[in-house]
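Residue numbers (the working numbering): 159 to 298. The C-beta atom is built at its ideal place from N, Cα and C for all residues, glycine as well. Owing to the predicted nature of the structure, the values given are computational and were not obtained by experimental measurement. To start, the structure itself, in structure tokens.
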Ligand SMILES: CC(C)(COP(=O)(O)OP(=O)(O)OC[C@H]1O[C@@H](n2cnc3c(N)ncnc32)[C@H](O)[C@@H]1OP(=O)(O)O)[C@@H](O)C(=O)NCCC(=O)NCCS
């Protein structure tokens, strides 16, 4: 085996978007969203997860809310300019004042659509807040 072949890039494992989650956001990153290597900046992806994660809680909370916690971002695959990112979400917990959702992110090539790679996943918790910014009960 040559040095070149042992250094060949490993193809990312194909993944299937979850059928039990709702597609809440699709977005295509642009060059302005890159880091110094030309790959998409992780902070940009995190911001999109926060936006995507807020969609279902907003439907339930129906009013002002704030992100209180995000549990673990792990990035195993780079995202490239022009990839299509799809964000899937489902509710994992509804408490007295907070809602937690599980958001999964998948990338697919713009030109070769339908083949997905999982980019990251996070649990995001949103708190319903009142006009003073204090927690308020989730509407029944
Ligand atoms: C969100 C905020 C109003 C909550 O007020 P608080 O007094 O800290 O919250 P509480 O301890 O009363 O908890 C409120 C809810 O949040 C949940 N929560 C608090 N800390 C949490 C954590 N680390 N992880 C998960 N859930 C958490 C609590 O379990 C509770 O939910 P429940 O009522 O459904 O059980 C307040 O922390 C805040 O204003 N934070 C800043 C929010 C913000 O600006 N976000 C953007 C950051 S850039």
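Am I right that residue i and residue j are in contact with their C-beta atoms under 8 Å? What's the rounded C-beta distance?
i	j	result
residue 173	residue 264	6 Å
residue 183	residue 229	About 19 Å; that fails the 8 Å criterion.
residue 211	residue 261	5 Å
residue 199	residue 241	About 13 Å separates the two Cβ atoms, so there is no contact after all.
Residues in its own chain within less than 7 Å of residue i by CB, not counting five upstream and five downstream?
i	result
residue 166	Note that residue 166 has pLDDT 45, beneath the 50 cutoff, so the model's placement of it is unreliable and the number below is only indicative. Excluding positions up to five away in sequence, the list is empty.
residue 181	244, 246
residue 185	206, 243
residue 162	Residue placement at residue 162 cannot be trusted, given a pLDDT of 40 that sits under 50; the coordinates are not used to answer.
In its own chain, which residues sit with a C-beta less than 8 Å from the C-beta of residue i, not counting the 5 before and 5 after it?
i	result
residue 277	203, 233, 234, 235, 237, 243, 263, 264, 265
I want to check one thing, is the minimum distance from the CB of residue i to the heavy atoms of ligand 1 below 6 Å?
i	result
residue 226	yes
residue 287	yes
residue 283	yes
residue 293	yes
residue 270	no
residue 244	no
residue 250	no
residue 253	yes
Do residue j and residue i come within 7 Å of each other at the CB atom, strictly closer than that value?
i	j	result
residue 249	residue 259	yes
residue 293	residue 255	yes
residue 295	residue 239	no
residue 283	residue 227	yes
Identify, in the order they occur along the chain, each residue of the same chain with its Cβ nearer than 6 Å to the Cβ of residue i, setting aside the five sequence neighbours on each side.
i	result
residue 298	none
residue 251	258
residue 219	286
residue 222	287
residue 213	182
**Study point:** Inside the segment 218 to 296 only - beta strand (DSSP E) runs reaching at least 3 residues
**Key:** 223 to 229, 242 to 252, 256 to 266, 274 to 286
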